[in-house]
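Working notes for the structure below.
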Amino acid sequence: MHISLRNHSFQVNPGQNTEAWNYINTGQWEPQSFDIIDFFVKKDTTFIDIGAWSGVISLYAAHIAKEVYSIDPDPICFEELEKNISLNPDLSKKIKPHQIAIAAVKGSTKLHARKKYGMSSSSILSRSKDQLSTITVKTLSLSDFITKENIHMINFIKMDVEGAEFQILPSIYKILQKTQYPTLYVSFHYNFLLENIYNKYIPFKLFNKIFLKIEKLAGICLFKREINSIIRETLKSIKEYKYIYTINGEIISYDFLEKNPIFIKTNDLVFTNTAWK
Numbered sequence: 648m649h650i651s652l653r654n655h656s657f658q659v660n661p662g663q664n665t666e667a668w669n670y671i672n673t674g675q676w677e678p679q680s681f682d683i684i685d686f687f688v689k690k691d692t693t694f695i696d697i698g699a700w701s702g703v704i705s706l707y708a709a710h711i712a713k714e715v716y717s718i719d720p721d722p723i724c725f726e727e728l729e730k731n732i733s734l735n736p737d738l739s740k741k742i743k744p745h746q747i748a749i750a751a752v753k754g755s756t757k758l759h760a761r762k763k764y765g766m767s768s769s770s771i772l773s774r775s776k777d778q779l780s781t782i783t784v785k786t787l788s789l790s791d792f793i794t795k796e797n798i799h800m801i802n803f804i805k806m807d808v809e810g811a812e813f814q815i816l817p818s819i820y821k822i823l824q825k826t827q828y829p830t831l832y833v834s835f836h837y838n839f840l841l842e843n844i845y846n847k848y849i850p851f852k853l854f855n856k857i858f859l860k861i862e863k864l865a866g867i868c869l870f871k872r873e874i875n876s877i878i879r880e881t882l883k884s885i886k887e888y889k890y891i892y893t894i895n896g897e898i899i900s901y902d903f904l905e906k907n908p909i910f911i912k913t914n915d916l917v918f919t920n921t922a923w924k
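Residue numbers (my numbering): 648 to 924.
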C-alpha cells in the first residue's frame, strides 16, 4: 500500500490494520502529530519513537531526521514494523527498530492487550478491560536504552505507550537533564490510568464495568485524589522545560497543570525548550 502524507510518501504492508492505514492515508489521522514533527524535527535530529506500532510516525520522521530509533514491544506490531521499514530501502538505513518496552527499570513484564495483540493499544500497564496478558516482554529504562545504543544526542522523543507513560515519565528526569531536555511529545491516556486504578482496588470485571460507566456518565470518580496525585508525580519530570504546548500550539504553564492535572485527560502535550511559532 502506498501512503502519502503531506510531502512525504512510503510503502507499507497493512497486515491486519488495513482499515487503520486507509484512514491514515486520508490525512485525517492525527494531523497535529505531523504539524509537530514538521516544526521540531530537523535534518540533524535524533528521533526516538517510543510506541512505534506499525511505523507510521517512524517512517514519516525518517524523511526528515538524521536517525530514528523505533521501539515497540508488541510482537505482532514489531513484525509489521520491520516489514514496513524493509519496504522503504531509502528510509530503512535511518531507522533502527527495537522490540523492547521502555519502562521504569530494566527487566521483564507482562504485555497486556484488549482482544488481541498487534493492535495499537497493547500496554505494560494492566487495565480492567484487557483480555490478554499472555506475553512477557523485555524492558529497559530510557537511560539504559540510550547507553546500550551509545546515543550521544537526542533531539526529539515521541511517547505513545497506552498508559505506560504514567510509569515511564517519573523515571526519566535525570536522563532528560543529561540530554539537555529534548523536545518530548507525549500522548496521555487518562482512561487507561483510570482502568489501572479500578483494576487494582476492584478486581472484579462486572463491578469495574459498572463503576467505569458511572464515571463516564456522571463524572464521579472514586479514586480522584489518587489519580490526580499520580498525574502530578508523572509531570514532575518535565518541570524544567521552558515551554509546554497543546497539540494545537496553545501554550500552558506547569503551574496550570499542577493545579489542573485532569487537563491531560483530553490533551496530549509537547514539552520543549524551543518556542513553537
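C-beta atoms are modelled at their ideal positions from N, C-alpha and C, and glycine is treated no differently.
Exposure of residue i, with buried meaning 16 or more beta-carbon neighbours within 10 Å
{"i": "valine 659", "result": "buried"}
{"i": "aspartate 937", "result": "Residue 937 falls outside the range modelled here, since the chain spans only 648 to 924, and no answer is possible."}
{"i": "threonine 919", "result": "buried"}
{"i": "histidine 799", "result": "exposed"}
{"i": "histidine 649", "result": "exposed"}
{"i": "tyrosine 670", "result": "exposed"}
{"i": "isoleucine 793", "result": "buried"}
{"i": "leucine 853", "result": "exposed"}
{"i": "leucine 864", "result": "exposed"}
{"i": "asparagine 802", "result": "buried"}
{"i": "glutamate 897", "result": "exposed"}
{"i": "alanine 760", "result": "buried"}
{"i": "isoleucine 861", "result": "exposed"}
Beta carbon of residue i nearer than 8 Å to that of residue j
{"i": "threonine 881", "j": "proline 817", "result": "yes"}
{"i": "tyrosine 848", "j": "phenylalanine 813", "result": "no"}
{"i": "phenylalanine 657", "j": "leucine 738", "result": "yes"}
{"i": "tyrosine 707", "j": "phenylalanine 681", "result": "yes"}
{"i": "tyrosine 837", "j": "lysine 805", "result": "no"}
{"i": "valine 715", "j": "lysine 741", "result": "yes"}
{"i": "serine 717", "j": "serine 733", "result": "no"}
{"i": "lysine 753", "j": "serine 780", "result": "no"}
{"i": "isoleucine 683", "j": "isoleucine 894", "result": "yes"}
Cβ-based neighbour list, residue i, same chain, cut-off 6 Å, excluding 5 preceding and 5 following
{"i": "alanine 712", "result": "Val688, Thr692 and Phe694"}
{"i": "phenylalanine 725", "result": "Asp719 and Gln746"}
{"i": "alanine 748", "result": "Pro720, Ile771, Val784 and Thr786"}
{"i": "serine 767", "result": "Trp700"}
{"i": "serine 769", "result": "Asp721, Leu758 and Ala760"}
Nonlocal neighbours in the same chain, by C-beta distance under 7 Å from residue i, ignoring five residues either side
{"i": "serine 884", "result": "Leu816, Pro817, Ile819, Tyr820 and Leu823"}
{"i": "tyrosine 845", "result": "Ser775, Asn855, Phe858 and Leu859"}
Reference residue i, options the options, closest by Cα
{"i": "phenylalanine 851", "options": "Asp777, Val703, Asn731 and Asp682", "result": "Asp777"}
{"i": "glutamine 675", "options": "Ile684, Leu652 and Pro661", "result": "Leu652"}
{"i": "cysteine 868", "options": "Leu841, Ile891 and Tyr892", "result": "Leu841"}
Chain C contact for residue i (CB, 8 Å cutoff)
{"i": "asparagine 797", "result": "You won't find chain C in this structure, because it holds only one protein chain."}
Same chain, Cβ closer than 8 Å to residue i, neighbours up to 5 away in sequence not counted
{"i": "phenylalanine 910", "result": "Ile899, Phe903 and Leu904"}
Original post:
What are the uninterrupted segments assigned as alpha helix (DSSP H) that are 4 or more residues long and contained completely in the segment 681-759, given in chain order?
Top reply: 703-709, 722-733 and 736-739
**OP:** Could you name each continuous beta strand (DSSP E) segment of 3 residues or more that falls completely within the segment 770-819, going from the start of the chain to the end?
**Re:** 779-787 and 803-806
Subject >> Completely contained alpha helix (DSSP H) runs for the segment 856-908, where each covers 4 or more residues >> reply: 871-882 and 901-906
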